[in-house]
Each structure stands twice: as C-alpha cells, then as structure tokens.
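Notes to accompany the following structure.
6 protein chains.
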Amino acid sequence: MSTVKLWTDADVEQNPRVKAVFDDIRTTRKSDFVNNMWRALANQPDLLEATWNRLKQVMVAPSALDPLTKELIYLAVSTVNSCSYCLHSHTAAARAKGMTDEQHQDFLSVLTMAMQTNALATAMQVPVDPEFQA
Amino acid sequence: MSTVKLWTDADVEQNPRVKAVFDDIRTTRKSDFVNNMWRALANQPDLLEATWNRLKQVMVAPSALDPLTKELIYLAVSTVNSCSYCLHSHTAAARAKGMTDEQHQDFLSVLTMAMQTNALATAMQVPVDPEFQA
Amino acid sequence: MSTVKLWTDADVEQNPRVKAVFDDIRTTRKSDFVNNMWRALANQPDLLEATWNRLKQVMVAPSALDPLTKELIYLAVSTVNSCSYCLHSHTAAARAKGMTDEQHQDFLSVLTMAMQTNALATAMQVPVDPEFQA
Amino acid sequence: MSTVKLWTDADVEQNPRVKAVFDDIRTTRKSDFVNNMWRALANQPDLLEATWNRLKQVMVAPSALDPLTKELIYLAVSTVNSCSYCLHSHTAAARAKGMTDEQHQDFLSVLTMAMQTNALATAMQVPVDPEFQA
Amino acid sequence: MSTVKLWTDADVEQNPRVKAVFDDIRTTRKSDFVNNMWRALANQPDLLEATWNRLKQVMVAPSALDPLTKELIYLAVSTVNSCSYCLHSHTAAARAKGMTDEQHQDFLSVLTMAMQTNALATAMQVPVDPEFQA
Amino acid sequence: MSTVKLWTDADVEQNPRVKAVFDDIRTTRKSDFVNNMWRALANQPDLLEATWNRLKQVMVAPSALDPLTKELIYLAVSTVNSCSYCLHSHTAAARAKGMTDEQHQDFLSVLTMAMQTNALATAMQVPVDPEFQA
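Residue numbers (full-length UniProt numbering), protein chains in the order written: chain A, 1 to 134; chain B, 1 to 134; chain C, 1 to 134; chain D, 1 to 134; chain E, 1 to 134; chain F, 1 to 134.
What follows is the structure in structure tokens.
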C-alpha cells in the first residue's frame, strides 16, 4: 500500500496541470493505461511535470543508446536499489522492447558478475591501477 | 591501500595455480598487463580461479548482448554499489570497446533517471500495477 | 510475514523486562498502540531495551533539530536503504508532526536531486575540491 | 582521479553552451568558484544543463523547506549512497547555511538511529501495521 | 509475484539440463523440497547450473568457516541489500543449522552496530589510520 | 580528509567527558592507540559516549557469538555499505582475533555468493516460499 493517495482518472480531471501530464503520457505512449507511479506523483504536480518531462527526454526520445540497452541499465540500477516497483515495470518494458530470454539470461549473468567483483574490490580495497587513470 | 597483499609477477611465479590463471588472463586479453584485482585475488587461489573462469565466460565469450552493453550494465551496478575500483577499470573497458562521448552521456542520463524514479517509487511505496504482473 | 514471532500483549505480560519497555513506550507516546517493530524486538530483550532507550533519546527528547526535520532525515535514510516498514511508519510520523503536502513534495524533490548527483559524482569519480577540505 | 576530463576555465570558454551554465552558476552563487562536479559534467552539455537547472530549482529557489533542512536530507542520502564527493561538498554547504555543531551531532544521531532500525526491520521482515496504512 | 515464470516439477521434467540440477539439489539436500529461487532460475539453464554449482561449493562443502557462521555472513549481506526472499530463506537455514535465540540477538546487535559506525565513518569521511594500512 | 576536526590527545585533555571515553578505550583495549573514528566522534560528546558504550557491550563483552564471527558479520555489512574506513579497521581486527587466510577466502566466497543470489532474487522478484514462512 502506498504512503500517498493514488489518483483515479476522476481525480485527475479536477486538476488541469495533472491532467495535461496524463494526457501527454497517453499520447506519447499511444495507450490509455497510466501506471501507478504517475498516479502517486500526481500529489506533487511540480515533481510530476519535472519527472515526466525528463523521462520522456531520456527514455523515449531517440538517442545514442538503443531503447533496450537503456532498459537494461535501468533494471541494473533498480536491482541494486532493490526497487520492487521499478523491477516489475521495467522488466515489462524491456520485454515490450524486444528483450529475448537469452538476453535476459545474459543481463542476469552480467549483473551477478558485477555484484561479486564489486564486493571483492571493496572488501579488499584494491587500489586503482595507474593504467586506468591515464 | 589494499587490505591484502598485491602479488608481484615474482610472487606469481612461485605458485603454479596462480600462475596458470595469470597466464590465461594474459593470453585471453592479448596483453601483458594484469590489473590489481587479480593481484589481490591471488591470495585466494580457489576464489581467483572461480572468479576468472566465470568472468571469462560472462564478459569475454560472445553472447546475446554485445560487449559494450555488458560493460554499461557493469558500470550501472558499480555506481550504485559505489565501487571506485570497478568504475575506473570498467569505464576504461567501455571506452576500449568503443563507447562514444554521446553514449557515455546517455548512460549517465539513464543512470540518474533510474536513481530518481527508484527513490520516488520506494519513498511513496507505489504498489505494482496488476498489468505488470501478467 | 516476519522471520521472528510478533509478541502479543498476552506474551508481553509474561516477561517483566519486555513489559517494562512496552509500558514506557505507551507512557512516552501517550497511546496504547505499540507497533510491530517492538513486538518483533521483544524476542531480544537486551536489544529491545537498547533500541528503545536510544530512540527515545534521539527522536523524542528535545534537541537542536526540530521533530519534523528529524523525521525527514529518517525518511531519506529509509528510502535509500529500501526499508518498506520504516517508510510506512515514519511517513505517518512525519504527518503526525505536521508535514504538509508542500513539504512532502519538497522532501521528494531534494531526495531525487541527491540520488542523481550522488550517482553522477560516483560514476565520474569526481575528485573533492581542495576548497571543501579546508 | 576522475574517469572523465575536468574542464578548465579555458576549456569552458570554447563552448558557448557550457559557458552559459558556468556563468549562471557564478551569478546564482555570487562566487567565482565553480566546483569539480560541474567541470566533470561539462563533458555532457545536455546533462550539465538539465542537472544545473533542476538543482537551482530544488536547492536554491525558496520552497516549503528551509535551506538547511534540504542540506541535511542531501547529506543523509549521500551517506547511505557512500558518495565521498557529495559528503564533502554538502557538509561545507550545510555549514555555510548555518549548521551548528549541536545540529551536526543531532543529524549524525538521527542518521545512525535510522540505519540501525532500518536494518532491524529488514532483517526481521517486520510486517507493516494496518494502522500505518490508513 | 515474480517477473519470470516459476517452473513446476512438470515443466522441469521436460528439460534434461534443468532436471539434472533439480535432481542434484534434492540429493544434496536430502529433501524433495526445491524452493522458488531455483524454479525462477530454471528459465536460464546456464545461470542455474553456474549458481547451483558455486553455491554447493561455497555453502554446502566443508570449509574453513562453520556452516552457521556462513549463514550469518549471508544474512548480513542480505539485510544491507534489502533482499526479502534471501532473509526468509537464510533465516530458516540458520535456524536449521542450530542458530539459538541468543545467537540471533547477537547477530542483530552486531549488524546494527556495524550499520551505525559505517554511517558515522562515511558521513564524517574519517581517514584510515596508518596503523591499519601496515 | 575528514569533514570534521580530528582531536589530538592535547585537545582531548581539555574536555573531561571526551577524556573519560578515551581513557576507557585505552583501558579496555589495553593499548595506547586510539584510532581516528573516536578522534572524529570527539566533536559530538553525547554520540561519542553512546557509540563507545554500545560498541563495548556488543563487540567486546563475551556473548553468544565468538569474537571472530562478530568481526566477519561486521566486515560483511561494511562491504555492502562500501565503508572504506570500516573495512581497513575491521579487517585488521579480524586478523588480530585470529582470522586465517583460509577463513578470509571463505568469508570472501560467502560474501560474493550472497551478493549474486541477492541480485537474482531481487531482479526476478522471487516470491517467498510458504515453507519459509512457517
């Protein structure tokens, strides 16, 4: 259960700023479905606008990395941060953007490889090689 | 300064198991340079072998994700885990595998986007939409 | 579901040390409600006493920071640690101590700002300016 | 040592977009000093602009929380994320905004209180009380 | 709800590689019960094999640390990583390996002690004493 | 460099409360060496007393877990929290309490095993088996 109210479509209709963001989400995604993240953020219109506008720019607009790669980076961060909501929403997004079972296995393998070498380098406080600082 | 001894090449010569791993690192990477991570792990031959063998399989062998994508996942994990050594070694690796400045900017943008929405979803304890559970 | 037994009031009656802490919680908070955190800690009487005594001193006694500011620091830590229980209990506490919707929005904005600049400073391993070390 | 180039003032002069942000930082802060965070972000002009503009809005503009409270939230996040750069820069900022030694002690006490109860609630998987979900 | 399919015993029967791992889990643990972790990993046969083989070597085979100590290290890591599944499965494992209530209390006390001194050392950026570097 | 002043022995002489704690540290540890953690905490006498008193009770007094096991739990937490100071001071402490090279290797192996299975359980959001909830 969330610590803030989740806005229904009826609530959204009452607030023009929030409604404008919800309309843009629906138009951009070509779907009527607006997920709970935005229904929670509707309580904070400034933050809702800032977050959606930035997300649209970073995750939706074409850029130097392809959409699936961006979702995998997102999933990696969300795993280490233990964000349950984000893992559900962005695993779905990765699949919608074409992630195959083989790519998912590869992602999980790299993720766990990084987790273990991170812990080793930190536990042993390995000093950075001068070669990496050049 | 590390919490364990860093093995020199002369130390490595004295231990056949460690030497075999160092030889394989040099052959696999086609370079004489062996970075400090392995010089620290040389104190634990079992763990050295297990870590190198798995790394070779996950990060070096061809797989469903391209080498640069794997490095970006690695960097994302290393950032959230705040692993200084890993960030230096794998940023160098990402560049060696062709990461452009535009891709680096994109990586940092997705990373920070994920960090902020992770915090929002967690702070507000947003419940997972049934649509993501299907 | 918890990994330890949650003590009922009837259980508490059987253990004088635990009962003394529960009585003090009720007296200090002027409420009969004792939340699950303490019902879980009741299994470890030493730790129960140490935790409650310290919490009373840090969070309840008047000090240099006002009660709401202390709750916001608590919520910031709980978010990064992804502690679901703590986010529910301390968002309720922050509201009880007067947090407005505008302050909640501000808290979430600062939280996400810190998350993204933390990630940037770490990912790029930005060296500390000498000016900050003075 | 950073994983990206730190831009000198001479470098900044060559890039109008970066120069505009640096000028705004100097004007807003009424100081000629521009810290390394921005000299690292100068490599990514889009991200530099987005980060500075958001920071100015969240941390500099007047809002529902006072400037010192915002710095303490920032420091709490930076501690859990183990961001060395951020702890140095924002402890300096908190002092510049009037943090007393007593407030710093209070901050550290709340921080450690949250760390330990977070760990307890998580380790024992304490279920959220229905009273907090209302 | 998981983000991947959980394999039933009937599913496992259809895949010889997965079945071989499940058989080995049952034989090694002398129990017919195979927990959900492995039913989720069954989607990634390579990763399933690698994870189980390493787990058997590290957690099951006799080594320099006794089985309960290994479970307590596991629980400490799982708490800081906020891994709900791992806390449930390994608290059960620690109990099966003889953890007493007094030892559990001790574990929780050390865990919280480390959490608070970690935060203090990080927040104040305490420099490492030369005595620890020798 | 720390964000607070590190107290010299001459500073300590000027403050009776701080001096009492430093004297107790020296007596308890049977050594004249007082490490930087306490020299940083000297700025906050209340917190210094609370932290030292609790540490003495948890880490020094005999209890249900042996001293080395407690150090290993401490090191596990410190690794995941990426606390450089704590890793240096407590690896030294673990060695002083008899940790062998084989035990260190074992510790690192369990640590990395937990890191990878934590990430897998979280990334796949594996549901807790009813068997673990009994």
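Even glycine gets a Cβ: it sits at the ideal position worked out from N, Cα and C.
Whole-angstrom Cβ separation of residue 81/D and residue 86/C, contact assumed at under 8 Å?
Here residue 81/D corresponds to residue number 81 of the fourth sequence, with the count starting at 1. Here residue 86/C corresponds to residue number 86 of the third sequence, with the count starting at 1. Between residue 86/C and residue 81/D the Cβ distance is about 17 Å, and since that is not below 8 Å, they are no contact.
Using a cut-off of 8 Å between C-beta atoms, extract the partners of residue 73/B located in chain A.
In the second sequence, counting from the first residue as 1, residue 73/B sits at position 73. Result: 72, 73, 76, 107, 110, 111, 114.
Do we get a CB-CB distance below 9 Å when we pair residue 63/B with the residues of chain F?
The residue you call residue 63/B lines up with position 63 of the second sequence. Output row for residue 63/B: interface = no.
Which chain A residues sit within Cβ distance under 7 Å of residue 132/B?
In the second sequence, counting from the first residue as 1, residue 132/B sits at position 132. The contacting residues are 88, 89, 92.
Hey, how far is the Cα of residue 95/B from the Cα of residue 96/E?
For this step, residue 95/B is matched to residue 95 along the second sequence. For this step, residue 96/E is matched to residue 96 along the fifth sequence. The straight-line gap from Cα to Cα measures roughly 48 Å.
Closest to residue 122/C by C-alpha separation, out of 131/B, 89/B, 83/B, 14/B, would be which residue?
Looking up residue 122/C in the third sequence gives position 122. Ranking the options by Cα distance to residue 122/C, first place goes to 83/B.
Which of the residues in the segment 43-67 of chain F, read from start to end, lie with their CB under 9 Å from any CB of chain D?
43, 44, 45, 46, 47, 50, 51
Roughly how many angstroms lie between the CA atoms of residue 135/B and residue 22/B, to the nearest whole one?
Here chain B comprises residues numbered 1 to 134, so residue 135/B is not present and cannot be evaluated.
Can you list, in chain order, the residues of its chain whose CB lies under 6 Å from that of residue 93/B, leaving out five sequence neighbours each side?
Within the second sequence, numbered from 1, the residue matching residue 93/B stands at position 93. 71, listed in sequence order.
Are the Cβ atoms of residue 64/D and residue 107/D separated by less than 9 Å?
Working through the fourth sequence from its first residue, we reach residue 64/D at position 64. Working through the fourth sequence from its first residue, we reach residue 107/D at position 107. Against a cut-off of 9 Å, the Cβ pair of residue 107/D and residue 64/D comes out as no contact.
Interface flag, residue 81/C vs chain E, CB-CB below 9 Å:
By one-based count along the third sequence, residue 81/C stands at place 81. Yes, residue 81/C counts as interfacial toward chain E.
For residue 130/A, does the three-state DSSP call read helix, strand or coil?
By one-based count along the first sequence, residue 130/A stands at place 130. Helix, per DSSP.
For residue 100/C, which three-state DSSP category applies?
Looking up residue 100/C in the third sequence gives position 100. Residue state, collapsed to three classes: coil.
Where does residue 26/C land, buried or exposed, given buried means 16+ other C-beta within 10 angstroms?
Counted from its first residue, the third sequence places residue 26/C at position 26. Exposed, by the Cβ-count rule.
Is there a Cβ from chain B that is less than 9 Å from the Cβ of residue 18/A?
Locating residue 18/A in the first sequence gives position 18, counting from the first residue. By this cut-off, residue 18/A is not an interface position.
In whole angstroms, give me the CA-to-CA distance for residue 100/D and residue 1/C.
Stepping through the fourth sequence from its first residue, residue 100/D is reached at position 100. Stepping through the third sequence from its first residue, residue 1/C is reached at position 1. Looking at the two C-alpha atoms, the distance is approximately 42 Å.
Give me the subset of the segment 23-35 of chain F whose CB atoms are less than 8 Å from a CB atom of chain B, sorted by chain position.
none
Should residue 85/B be counted as a contact of the ligand SAM given a C-beta to heavy atom distance under 8 Å?
The ligand SAM is not among the ligands present in this structure, which contains no ligands whatsoever.
Only counting the same chain, and skipping five residues up and downstream in sequence, which positions put a Cβ closer than 7 Å to that of residue 13/B?
Position 13 of the second sequence, counted from the start, is the residue given in the question as residue 13/B. Once the five neighbours on either side are set aside, the close Cβ partners of residue 13/B are 19.
Endpoints, alpha helix (DSSP H) assigned at residue 36/B
Stepping through the second sequence from its first residue, residue 36/B is reached at position 36. Its alpha helix (DSSP H) spans residues 36-41.
Flag this pair as yes or no: are the beta carbons of residue 28/A and residue 60/A separated by less than 9 Å?
To locate residue 28/A, count along the first sequence from 1; it is residue 28. To locate residue 60/A, count along the first sequence from 1; it is residue 60. Yes. Within cutoff.
Report back the beta-carbon spacing between residue 112/F and residue 116/A to the nearest angstrom; my notes put them in contact at under 8 Å.
Numbered from 1 along the sixth sequence, position 112 holds the residue referred to as residue 112/F. Numbered from 1 along the first sequence, position 116 holds the residue referred to as residue 116/A. That belief holds up - the Cβ atoms of residue 112/F and residue 116/A are roughly 4 Å apart, short of 8 Å.
Just reading off the alpha helix (DSSP H) that residue 22/F is part of, what are its end residues?
By 1-based counting over the sixth sequence, the position of residue 22/F is 22. Taken as a continuous stretch (DSSP letters only), the alpha helix (DSSP H) holding residue 22/F covers 16-29.
For residue 124/E, would you say it is in contact with chain B, using Cβ-to-Cβ distances shorter than 9 Å as the test?
Locating residue 124/E in the fifth sequence gives position 124, where the first residue counts as 1. Cβ-Cβ to chain B under 9 Å: no for residue 124/E.
Below-9 Å beta-carbon distance, residue 129/A vs any chain E residue
As a working mapping, residue 129/A is identified with position 129 in the first sequence. Taking Cβ atoms only, chain E never reaches closer than 9 Å to residue 129/A, which makes this a no.
Buried or exposed, going by whether 16 or more other CB atoms sit within 10 Å of the CB of residue 43/B?
By 1-based counting over the second sequence, the position of residue 43/B is 43. Buried, since its Cβ has 16 or more Cβ neighbours within 10 Å.
Continuous alpha helix (DSSP H) stretch holding residue 70/A: start and end
Counting from 1 along the first sequence, the entry for residue 70/A is found at position 70. Looking at the DSSP string, the run of the alpha helix (DSSP H) that includes residue 70/A is 67-80.
Any idea what DSSP makes of residue 124/E, helix, strand or coil?
Numbered from its first residue, the fifth sequence carries residue 124/E at position 124. Reduced to three states, the DSSP call for residue 124/E is coil.
Run the CB neighbour count on residue 35/F, radius 10 Å, all protein chains shown included, and call it buried at 16 or more, exposed below.
Within the sixth sequence, numbered from 1, the residue matching residue 35/F stands at position 35. It is buried - the Cβ of residue 35/F has at least 16 other Cβ atoms within 10 Å.
Which of the three DSSP states, helix, strand or coil, is assigned to residue 47/A?
The sequence position of residue 47/A within the first sequence is 47, counting from 1. Of the three classes helix, strand and coil, the one that applies to residue 47/A here is helix, per DSSP.
Going straight from the alpha carbon of residue 11/A to that of residue 40/B, what length do you get?
To locate residue 11/A, count along the first sequence from 1; it is residue 11. To locate residue 40/B, count along the second sequence from 1; it is residue 40. For residue 11/A and residue 40/B, the distance between alpha carbons rounds to 59 Å.
My output table needs one value for residue 83/A: the three-state DSSP class, helix, strand or coil.
In the first sequence, the residue the question calls residue 83/A occupies position 83. Residue 83/A: coil per DSSP, three-state reduction.
Same chain only: Cβ atoms within 7 Å of residue 74/E, ignoring 5 sequence neighbours per side
Within the fifth sequence, the letter at position 74 stands for residue 74/E. Hits under 7 Å: 90.
So, residue 126/F versus residue 37/E, is the Cβ gap smaller than 9 Å?
Along the sixth sequence, read from residue 1 onward, the residue named residue 126/F stands at position 126. Along the fifth sequence, read from residue 1 onward, the residue named residue 37/E stands at position 37. Yes, the pair counts as a contact, with Cβ atoms nearer than the cut-off.
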